[in-house]
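Structure first, commentary second.
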């Protein structure tokens, strides 16, 4: 059986910013619970997600799991240093420190060598980066932009941040997942100062969709369209002939979610996947605050006999208010037989949904 992988990138709304845009409804709202749907390994399910979630599901991709900074950062830096034509890089958090300096050095070296390097950092998430680091990157030829900087005459922009974590090398290798560029993610989650997280290395046709996701916010920020072979090369499907260690080609789809448009995409994907579950639903969530519809869909899945397991942070969460909001919902799931697990050792920052060991959703979108 071939796995289906959803790669999700998000633009988020910051909680607590009371402005008009907060109160506006998204372009379309899902108000009703979904009926039980075809299982995730059926052609009908693929047909529906193709039509409803945007870009098509593509075959012939390889997705490799990277755990914690000990594996993630070396893999990303190795890919950056191998770039020959282009690097596109978008992140929410970029802080100065050992990790931030290593990325700045690698990006500067490639830009100095003639590689086109484009970096998009969220204005809020970059508040702890040294201005000297940004200046050094720009002087080396890195095209660094800040996503939606705040000005007194544009306060409404405070509410719209990029939470996407995307790195694309030569249009051929992509990375996405939960990590930011900061020392919080160093090491292997061996102590409370090292966060636990997941990231993914991607090759195959779906990398073009990841590049398009980067361009979505790049064009919003700069008005510049990046195109041509350096950014969108011909990408071949992987076959099973050269697989090793269980590394099978998978079908994959990249889609984005944003308060300015398409904010319902991730919710709809969750609803479709949960409604299609037959055996199991496993959720890894840094911030687990499902809305009313998703809670109802999870309870309906339990009534069908689907096993549900959720893992989330315990007391070492970075946002205590979110934990309190999440706890208010636990009883509604526990009463229906869901199993909730609290990760105690450090901050658990992973974001993943697995359905029936056949579909997995990964990326930067939180389950809130």
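Numbering (the working numbering), first residue to last: 2 to 369. Here a beta-carbon is modelled for each residue, glycine too, at the ideal position from N, C-alpha and C.
{"Check": "Extract the residue ranges of the alpha helix (DSSP H) inside the segment 204-279, only unbroken runs of 4 or more that lie entirely within it.", "Outcome": "208-223, 266-277"}
{"Check": "Which same chain residues, not among the five before or five after residue 353, have their C-beta less than 6 Å away from its C-beta?", "Outcome": "285, 363"}
{"Check": "What's the gap between the Cα of residue 234 and the Cα of residue 218?", "Outcome": "21 Å"}
{"Check": "Leaving out the 5 sequence neighbours to the left and right, which residues in its chain are closer than 6 Å to residue 338 when beta-carbon positions are compared?", "Outcome": "303"}
{"Check": "Helix, strand or coil: how does DSSP classify residue 45 here?", "Outcome": "helix"}
{"Check": "Rounded to a whole number of angstroms, what is the C-alpha to C-alpha distance between residue 324 and residue 315?", "Outcome": "8 Å"}
{"Check": "Could you name the residues that DSSP lists as bridge partners for residue 170?", "Outcome": "88, 174"}
{"Check": "Rounded to whole angstroms, what's the CA-CA distance from residue 255 to residue 99? Just pull it up for me.", "Outcome": "31 Å"}
{"Check": "Which two residues bound the contiguous alpha helix (DSSP H) that contains residue 133?", "Outcome": "132-140"}
{"Check": "Using a Cβ-Cβ cutoff of less than 6 Å, which residues in the same chain neighbour residue 295 once the five nearest sequence positions on both sides are dropped?", "Outcome": "271"}
{"Check": "Quick check on this structure: which residue in 334, 317, 188 has the alpha carbon closest to the alpha carbon of residue 68?", "Outcome": "188"}
{"Check": "Please classify residue 114 as buried or exposed, where buried requires at least 16 neighbouring CB atoms within 10 angstroms.", "Outcome": "exposed"}
{"Check": "Within a Cβ cutoff of 6 Å, which residues of the same chain sit near residue 356, ignoring the five residues on either side of it in sequence?", "Outcome": "41, 274, 278, 282"}
{"Check": "Less than 6 Å between C-beta atoms, sequence neighbours within five positions excluded: which residues of the same chain meet that for residue 117?", "Outcome": "87"}
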